[in-house]
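K.L.:
Take this structure first; my questions come after.
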Amino acid sequence: MESVGSIIVYVVIALTIVICSVLAVTTRKILRAATYLLFTLFATAALYFKLDYEFLGAVQIAVYAGGIVVLFVFSILLTSHPGDNSAKLASRKRALGLTGSLLLLIVAGYSLVSRCELWSALPQGENPSMNEIGETLMGTAHGQYLLPFEAISVLLLACIIGGVVVARKNKN
Amino acid sequence: MELTILWYLIPSLLMFCCGVYGFITRKNMIAMLISLELMLNAVDINFVVFNRFLFPGELEGMFFTLFAIALAAAETALAIAIIINVFRVSEKIDVDDVTKMKF
Amino acid sequence: MEPVIPIIILALPLTMFLVLGLLGHKMAHRTAGILGTLSMGVTMVLAYITTLTYFFSGSSEFINEEGVRLQSVIFNWDWLAFTDSLVIRLGFLLDPISALLLVVITTISFMVHLYSNGYMRDHHGVWETGFQRFYAFLSLFSFSMLGLVVATNIFQMYIFWELVGASSYLLIGFYYTKPSAVSASKKAFIVTRFADLGFLIGILVLSFYTGTFDFTNFTSTGVEGMANVYQVDLTTAEGIRNWIASSPAPVFMGGSVLTWALVLIFMGGMGKSAMMPLHIWLPDAMEGPTPVSALIHAATMVVAGVFLVARLFPLYLMEEVALNIITVVGALTAFYAAMVACVQVDIKRVLAFSTISQIAFMMVSLGVARPEFHHGLGYMAAMFHLFTHAMFKALLFLCAGALIHAIGSNDYTDMHGLRKHMPVTHVTFLIGCLAIAGIIPFAGFFSKDEILTAVFGQSIFWYIWMSAVAGLTAFYMFRLYYLIFWWKEHKTPEGHHAPHDQLWTMTLPLVILAVVSCVAGFVPFGNLVTWNGHPMFESVNFFTNLGALDWSVAAISLAVAILAIILATVMYKKENPLPAKMRSALPRLWDWCYHRFYWDELYMFITHKIIFGCISRPIAWFDRHVIDGSMDGMAWVTQRISFAIRGLQSGNIQLYVWIYLVGVILLGAITAVCLL
Amino acid sequence: MFSNLLIYFVVIPLLMLAGFAICKNIRQVRTVAVAGSILLVGLSVWVLCDYLALRAAGNMEEMLFRGDWTWFAPLNIKLSVGVDGVSIAMLILSSIIVFAGSFASWKIDDARHFFMWLILLSTGVYGFFICIDLFTMFMFYEVALIPMYLLIGVWGTGRKEYSAMKLTLMLMGGSAFLMLSLIGIYYHSAPEGQALTWNIIDIARNVEETQCISKGWQYFLFPMCFVGFGVLGAMFPFHTWSPDGHACAPTAVSMLHAGVLMKLGGYGCFRVAMYLMPQAANDLAWIFLILTGISVVYGAFSACVQTDLKYINAYSSVSHCGMVLFAILMINTTALTGAIMQMLSHGLMTALFFALIGMIYGRTHTRDIRLMGGLMKILPFLGVGYVIAGMASLGLPGLSGFVAEMTIFVGSFEHTDMFHRVFTIVACCSIVITAVYILRTVGKLLFGPVLDPHHAELTDASWWERLSTITLILSVAAIGCFPNFFESLIRFTFSPEIFRAIGLN
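Residue numbers (this note's numbering), protein chains in the order written: chain G, 232 to 403; chain E, 196 to 298; chain P, 1151 to 1826; chain B, 0 to 504.
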């Protein structure tokens, strides 16, 4: 049995997620879309906090909200004039998008709802300590992730170089 | 009332659907990228929730999310670099207009 | 008999064809002419030797103890074996009719070779272009025609039949730069080819059921040990008939197979011999040089049809129907051609129609021949007439050639009154006319009289009919004679030499043929050529033929001929308005006759409108648009489909995502349905 | 391997290819082409003499000069060679036409590459005729087809790309059917429990002894096989590649294609379809008799109204090749002999036609008979050649066409039922129609007054053209004058032992 406060917090988070993500994809102003995305990301972070994954929540805020959204905003400012509305959607495209997403919603939603084990409560877990996270990240034993960590770092490096190369102005 | 696992999955599903809708409908490549982020985010939530649900004592799902966030960051950075480059060439970032590399 | 001479008879003209054809253009004209003529002369002498040997040597090869003439195969080489029994052989069959034809062909051919030396050059002695080619083709024709008459089997005959057709094509189209000659040659070839189709099918039918091509087998099957006897008694006929009746499918489309075969074979004969309705090529064939007309289209090739029927006569005897068809076709053609000949302007056309008419006489004669009546008199008469007709018709044609050569035109309107200018031609032409009109004692009288006697024996109706035709013959020939040589005085156009008799090379053949036309009637044919080899007379002397005449028939026909000549004399001897009056009295009839009863127009309609317009063109259209169109259509459909599929691969990432998504959802849904 | 004579039919062309690869100028190319084609003619004559000697010595095997070399063991694919009279006739035909074709393309552009493809094509042809292994045959068949695309597409005239594409696609379509049926035959090539084989002789024996290809399968495989080869044999309604393809192809290619390649179709129909599936051939013949009967008359009628020389000839090929398939379907010794004779005859005659048309076209730059006339006077040699070719085509005795057609007609007439009779008579009618279009063409093209004054200055054939033409004319005349030699050469193939394999007698 959850406390009322917890439920209220949940409701706020869930509503933020849903509303902001809907707005993010429907608004015609691209900068607003980025802002709604930011809210969605924050709400997600809040969800992580609520589930006691504090480190994850922090990463979410730092990387997503702090990094990616800023990137988005910069690129939007670079590529579009403020106040521009994107063109209205072609009805064919809207129909495609709606059918696709609604179909997905119905099928996935039905399969979620029809699973009775998903109606069970979420077990309580404790917040993993920073120590634990660090060891898991740095170890090579079973259930530890040094190799992916290194792979990610190489990937990020490649991504940085790639980004620089791609975005570099062609001299000719 | 109890917050069952379903209550966590449904917002994530809705977020994913929004992402799909946005990806399919938006012309602006940045908007498409935003939709993509939404989808990734929804997946992240699922990872975490299922981690808690299935293996409460362990950290697989959380680390998956962690890595996914990192990948998302990398992917976004690269994509934005490309978009800006495209913009430089064609002054447009609508996905329909970028056809030079077709065929 | 040793095969050497027969081989040379065939080989010499063939060699000459090859030599003149391949090397002719390197030779002088004169050399080529002399070479061709000499070789033909040699061939003629050899043919005479052969024929005389056959008829008079009394060798047991050729005649048996009872005085019956036999068929003798001198040599017979396998040429092409279809099956063990169906083998085309190239051979040399000597019997009365082939011996007779050997003489006719080589004589006329030699005359024509000689004559052409003069004819094929103009008044200044300049040779025609292609003179050597002309001699080469003449040699080819002689070879083919000789091969045809000595054929030992029906397929050999067909082979040479085609070859004479081809050489006739080449010779009619000799002046190949002249469009009319080209189309005439084409017409001749195609019409006879069409007839040959019938001949071919007839051969196929006949050979399939009898299992042989050989004439000797056709005519003597069932008579054991008498393979070489040119003789079919009625028991043999019965034998073949039973044999055919007992083979599979003896009845085809309502007629007996034998009837079909014989009628189809006769169709081939109709084509070559220009019987109605396949006669249309012969008048046009006069586009060829006149010596060619004399050789091919008067004396030799056109009687091939008669020869064919005569050759298979024992078989025809088994089918009354076929013989009746021959009679009717012949009689109609004879009358038709005689009518048309009465109004033509072009002298060669008159002669051409007269040829058609005379060949039809021979056909009728064969058609009415029955062994019961005078030992098959009709058969003998037909062969007799073939012989005499070849002589006097060649004579007439050569005279016409001399006239044309002198005047430079084919129409009698440009001639008139030539008797004083060209006395030799005049006399010889007159002899030819008397012969064809059937005036005693010229050759035509005897042979025509035999024919009429034979017809009289078979049917009074056809007798009257044919007598009328004989009268018409006398009339149109003398009409022609008077219009050429009398009518009015000849006016030489300004700047031209007066016409005169030609070189000796041209007049000599005329004289020789005229002499032959005078005496040929006295040859005792009844003892030489009969349908079964039995001689008709006990003993022969110079007047045998006179003695054997049926004088009642002879008197009537003589009277008819003389009446016709008198009529012609009245109408045409002096310039007078009678012919014009006649014409205006019967304008419709005159028109029809003049336009040859519109047969050519009918044929033009059939070939151009129906065959080309209604069959070939639609087929070509169908091919281009429907068949080819459907193939192109398949390509088009494939291309369309490819384009449609290419559209899916548009590069539109959002569409890809959607499709992917729908696919995933469907898979998911299916999985869900299956699991739940 | 190299002790077998037949291998050299493939080796010599391959050596020629190598020779072309190192040739520096057109003289060398010509030298190689002429030397090679003479060698091939010599080789085929040698094989012929050896063959006759062996037969005379009493060797009664179905195929002589046998040789087997495995080249893909898992599927039992071998290079099996062997020839009988029919194959030898075809080999002689091919080598004569390659010889004449080399001379006919004396002045072609880019001769080195042209001859390379041409010889590659002829490698395929020779390979096809010497092989008795279905798979290898099929391989050579494809080798013969593919170069055609380039030869027409690159060296052709007119709508060459379209025609090349059409020709190749239609023939490929045919060979798709063919491959299916060959694979089908392979999987039924031996009774249960025995090793499968591609070898025609083994399959034929198995079929005869054990009925290993059941009737149902035969009904399925035979039509595919027949149609597959029939496309190449220009069977109605799959003939439309022929007019377009021939019209656009360069001279030597037309010659080789009409002269030899189309024979692959007839040969295949006979050697594979009839030989291996006799029952189906017997039962289903009526379908194809109708189609080929239509071909015969239809092609002839179409030719009557064409105005392009090559189209006329292409449609006449449809008619004549239709006759080949028609005769094959009659399934009796005489008709089959006639079919092979017709292949020989048509091959030589059409090659002659196309050679002459190419030469005339090379001078007048038009093939429209309405624009030409009186060429006989200007080009007597070519004119006479054309007349001879025409006479051969309309079946003048003494030339090859007559012999072949008469053999076919006599053979076809052995069937007494109404159906066969009617179709035989219909086929006979083609001789008249042939005369019509041949004489029409000859009349318009060669006779009459000279229509185009520019034509008056044309020069007659040069020595290489004469050589090419005379070779073909002599061959046509040789068949026409001495048919018994060829007939007996071919007929032996249908001697009772082998005929039994066809399922008759």
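Note that beta-carbon positions come from the ideal geometry of N, C-alpha and C, so glycine has one too.
1) Relative to the C-alpha of K159/B, which residue among F128/B, S174/B, V252/B and F114/B is closest?
2) Taking buried to mean at least 16 other C-beta atoms within 10 Å of its own C-beta, is H1535/P buried or exposed?
3) Would you please verify whether the beta carbon of L438/B is less than 7 Å from any beta carbon of chain P?
4) Quick one: what does DSSP say R1746/P is sitting in, helix, strand or coil?
5) S1504/P to V259/B, Cα distance in whole Å?
6) When the Cα atoms are used, what is the spatial distance from N1474/P to V1518/P?
7) Between which two residues does the alpha helix (DSSP H) holding W1227/P run?
8) Beta-carbon separation of Y1486/P and M1426/P under 7 Å?
9) To the nearest angstrom, how far is the alpha carbon of G337/B from that of M405/B?
10) With hydrogens ignored, establish whether the beta-carbon of G1191/P is closer than 6 Å to any heavy atom of the ligand NAD.
11) Just to confirm, are G410/B and M329/B a CB contact at a threshold of 7 Å?
12) To the nearest angstrom, report how far apart G1418/P and L1347/P are at their CA atoms.
13) Comparing the C-beta of G1818/P with each C-beta of chain G, is any distance below 7 Å?
14) Pair every Cβ in the stretch 98-106 of chain B with every Cβ in the stretch 122-141 of chain B, then say whether three or more of these pairs are closer than 8 Å.
15) Answer with yes or no whether the minimum CB distance from F218/E to chain P is below 7 Å.
16) Can you list, in chain order, the residues of its chain whose CB lies under 7 Å from that of T1623/P, leaving out five sequence neighbours each side?
17) Could you run through the stretch 238-264 of chain E and flag, in chain order, every residue whose CB is less than 8 Å away from some CB of chain G?
18) In the DSSP assignment, the alpha helix (DSSP H) including V1690/P goes from what residue to what residue?
19) Report yes if the CB atom of G1421/P is closer than 7 Å to the CB atom of L1321/P, and no otherwise.
20) Using the beta-carbon count (16 or more within 10 Å), is V1169/P buried or exposed?
21) Taking the straight line between their C-alpha atoms, what separation do you get for Q1306/P and I1158/P?
22) Would you mind sorting I383/G into buried or exposed? The rule is 16 or more other CB atoms within 10 Å of its CB.
23) Mind listing the chain P neighbours of L335/G? Cutoff is C-beta to C-beta under 7 Å, in chain order.
24) Which value, in whole angstroms, describes the spacing of the CA atoms of D416/B and V46/B?
25) So, helix, strand or coil for C213/E, using DSSP?
26) Between the alpha carbons of I1765/P and F300/B, how many angstroms are there, rounded?
27) How would you write the range of the alpha helix (DSSP H) that I11/B sits in, first residue to last?
28) Thinking M147/B and H256/B are a contact (beta carbons under 8 Å), I'd like their distance in whole angstroms, please.
29) Indicate whether at least one CB of chain G lies closer than 7 Å to the CB of S1792/P.
30) Can you grab the Cα-Cα spacing for the pair F1687/P / M1656/P, in whole Å?
31) With DSSP as the reference, label A1424/P as helix, strand or coil.
32) Once DSSP output is grouped into helix, strand and coil, what is the label at L1196/P?
33) Would you mind telling me which residues of chain E sit closer than 8 Å to V256/G, beta carbon to beta carbon, in chain order?
34) Chain E beta carbons: is any one of them nearer than 7 Å to that of K281/G?
35) Rounded to whole angstroms, what's the CA-CA distance from E381/G to G393/G? Just pull it up for me.
36) Classify V1679/P as helix, strand or coil using the three-state DSSP reduction.
P.N.:
Reading off the structure:
1) Closest in alpha carbon position to K159/B, among F128/B, S174/B, V252/B and F114/B, is V252/B.
2) Per the 10 Å Cβ criterion, buried.
3) Judged by the 7 Å Cβ criterion, L438/B is in contact with chain P.
4) Three-state result, R1746/P: helix.
5) Rounded to whole angstroms, the separation of the alpha carbons of V259/B and S1504/P is 51 Å.
6) Rounded to the nearest angstrom, the two C-alpha atoms are 8 Å apart.
7) W1227/P -> not in any alpha helix (DSSP H); beta strand (DSSP E) instead, spanning S1222 to A1231.
8) Cβ distance < 7 Å, so Y1486/P and M1426/P count as in contact.
9) Spanning the two alpha carbons is a distance of roughly 8 Å.
10) Among the ligands in the structure shown, none appear at all, so the ligand NAD cannot be discussed.
11) Closer than 7 Å, so yes.
12) Answer to the nearest angstrom: the Cα atoms are 7 Å apart.
13) It does: the Cβ of G1818/P has a partner Cβ on chain G nearer than 7 Å.
14) Short answer: they don't touch.
15) It does; some Cβ of chain P falls within 7 Å.
16) So the qualifying residues of the chain are A1488, S1504, S1507, I1586 and A1587.
17) The residues in question are D239, I240, V243, V244, R247, F248, P251, G252, E253, L254, E255, M257, F258, T260, L261, F262 and I264.
18) Under the DSSP assignment, V1690/P falls outside any alpha helix (DSSP H); it carries neither an H nor an E label.
19) Pairing G1421/P with L1321/P gives a Cβ-Cβ distance that is not under 7 Å.
20) The residue in question, V1169/P, is buried, as its Cβ has 16 or more Cβ neighbours within 10 Å.
21) Pairing Q1306/P with I1158/P, the inter-Cα distance amounts to about 18 Å.
22) I383/G is buried by the Cβ-count criterion.
23) Under the 7 Å cutoff, chain P gives L1811 and I1815.
24) The straight-line gap from Cα to Cα measures roughly 41 Å.
25) DSSP places C213/E in helix when its eight states are reduced to three.
26) Answer to the nearest angstrom: the Cα atoms are 7 Å apart.
27) Per DSSP, I11/B belongs to the alpha helix (DSSP H) from Y7 to I21.
28) Under the criterion of beta carbons closer than 8 Å, M147/B and H256/B qualify as touching, at roughly 7 Å.
29) Chain G, which has no Cβ nearer than 7 Å to the Cβ of S1792/P, makes this no.
30) Using only the alpha carbons, I get a separation of about 39 Å.
31) Of the three classes helix, strand and coil, the one that applies to A1424/P here is coil, per DSSP.
32) Helix, per DSSP.
33) Those within 8 Å of V256/G in chain E are C213, G214, Y216, G217, T220, R221, A226, I229, S230 and L233.
34) For K281/G, the closest Cβ of chain E is not nearer than 7 Å.
35) Distance between the alpha carbons of E381/G and G393/G is about 18 Å.
36) Coil at V1679/P, not helix or strand.
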